[in-house]
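All remarks here apply to the structure that follows.
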Amino acid sequence: MKLNQGHLVISLDFELFWGVFDVRTLESYKSQLEKVSEIVPRLLQLSDTYNIKLTFATVGFLLAKNKEELLQYSPKKKPSYSDANFSPYRLYDAIGNNETKDPYHYATSLVEQIKQNDNHEIGSHTFCHYYCNEAGQTEEQFEADLLATINIGKQQDIPIKSIVFPRNQINESYIKVCAKHGILSYRGIENHWMYNTKDTKQLGNTKHRIFRLLDAYLNISGHNTHELQMHHG
Ligand SMILES: [Zn+2]
Numbered sequence: 009m010k011l012n013q014g015h016l017v018i019s020l021d022f023e024l025f026w027g028v029f030d031v032r033t034l035e036s037y038k039s040q041l042e043k044v045s046e047i048v049p050r051l052l053q054l055s056d057t058y059n060i061k062l063t064f065a066t067v068g069f070l071l072a073k074n075k076e077e078l079l080q081y082s083p084k085k086k087p088s089y090s091d092a093n094f095s096p097y098r099l100y101d102a103i104g105n106n107e108t109k110d111p112y113h114y115a116t117s118l119v120e121q122i123k124q125n126d127n128h129e130i131g132s133h134t135f136c137h138y139y140c141n142e143a144g145q146t147e148e149q150f151e152a153d154l155l156a157t158i159n160i161g162k163q164q165d166i167p168i169k170s171i172v173f174p175r176n177q178i179n180e181s182y183i184k185v186c187a188k189h190g191i192l193s194y195r196g197i198e199n200h201w202m203y204n205t206k207d208t209k210q211l212g213n214t215k216h217r218i219f220r221l222l223d224a225y226l227n228i229s230g231h232n233t234h235e236l237q238m239h240h241g
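In terms of our numbering, the sequence shown opens at residue 9 and continues consecutively.
In structure tokens:
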């Protein structure tokens, strides 16, 4: 593939309740989360039809099949945010044991569908929906989080090669940590084509409308990945 050719890469934050635990209550968000299990297979089918490659930027917690695994892979060094609300680890006691018991915090069957489809990538959205620019956490804690993701991925034959930073909090020195551990790209913060209001003709076409609809459930955004090599040195 020539470098001057554009690539359409869509990355989706795949996170269930772990994407909003600090800003929403589960009760207020349940109905949206329940649609994710319908949306994922439709999305796989749709993107295969259009030959679009998806990257499911997955919260590492969702790669755990049950609570035991979640605890086993959780890093010892957890983010020590000044505002404890940002840490999802405080929810451990409240969540169920597996996807059957608690489909808001586990996604085993959905991860399996994505793996079996085999046309798409499972990337990282950090292990714990980590906020790289919040006060109190450290680079060492970020590295521990990244390694937790890589390790739980390994156990499931998922090589983690890309990352989407939660809330797009990009910390330049953490990008180097990612490169050190084999992450090849991360998502930048350009506007997504599907919200490009300059081209209203495009906005109206079916593909755009479908993806905007899906975005309401899966938080698709950003089309632009960045090579980590650019940030060396
Ligand atoms: Zn997120």
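Using N, Cα and C, we set each Cβ at its ideal position, and we do this for glycine too.
{"Item": "heavy atom of ligand 1 below 7 Å from H113 C-beta", "Value": "no"}
{"Item": "Any non-hydrogen atom of ligand 1 within 7 Å of P174 CB", "Value": "yes"}
{"Item": "Three-way DSSP call (helix, strand, coil) for Y194 in this model", "Value": "strand"}
{"Item": "8 Å Cβ cutoff met for A143 and S90", "Value": "yes"}
{"Item": "Cβ pair count under 8 Å reaching 3, the region 126-142 against the region 164-177", "Value": "yes"}
{"Item": "Where A65 sits in the DSSP three-state scheme", "Value": "strand"}
{"Item": "Per-residue burial, D153 [other beta carbons within 10 Å of its own, 16 or more giving buried]", "Value": "buried"}
{"Item": "Local Cβ density within 10 Å of V172, reported as buried at 16 or more and exposed below that", "Value": "buried"}
{"Item": "Helix, strand or coil at S19 [DSSP, three-state]", "Value": "strand"}
{"Item": "Among L62, C186 and R175, nearest to I158 - alpha-carbon criterion", "Value": "C186"}
{"Item": "Residue range of the beta strand (DSSP E) that includes E107", "Value": "Here E107 belongs to no beta strand (DSSP E), and DSSP marks it neither H nor E."}
{"Item": "Any non-hydrogen atom of ligand 1 closer than 7 Å to D101 Cβ", "Value": "no"}
{"Item": "Cβ-heavy atom distance, G27 to ligand 1, below 7 Å", "Value": "yes"}
{"Item": "Whole-number beta carbon distance between L79 and F29, since they are thought to touch under 8 Å", "Value": "Between L79 and F29 the Cβ distance is about 17 Å, and since that is not below 8 Å, they are no contact."}
{"Item": "Rounded straight-line distance, which links the Cα of N93 to that of G68", "Value": "19 Å"}
{"Item": "Top-ranked residue by Cα proximity to L34, from Y81, L51, D110 and H137", "Value": "D110"}
{"Item": "Contact test: D21 Cβ vs ligand 1 heavy atom, cutoff 7 Å", "Value": "yes"}
{"Item": "First and last residue of the uninterrupted alpha helix (DSSP H) at I160", "Value": "E147 to Q163"}
{"Item": "Candidates L24, Y37, Q53 and N74, of which the one nearest I160 by Cα", "Value": "N74"}
{"Item": "Whole-Å CB distance - L71 paired with Q121, under 8 Å assumed", "Value": "About 14 Å; that fails the 8 Å criterion."}
{"Item": "For S181, the first and last residue of its enclosing alpha helix (DSSP H)", "Value": "E180 to K188"}
{"Item": "H189 burial status per 10 Å Cβ neighbour count (16 or more: buried)", "Value": "exposed"}
{"Item": "DSSP-derived helix/strand/coil call for E142", "Value": "coil"}
{"Item": "Sequence ranges, beta strand (DSSP E) only - wholly within the region 50-97, length at least 3", "Value": "61-66"}
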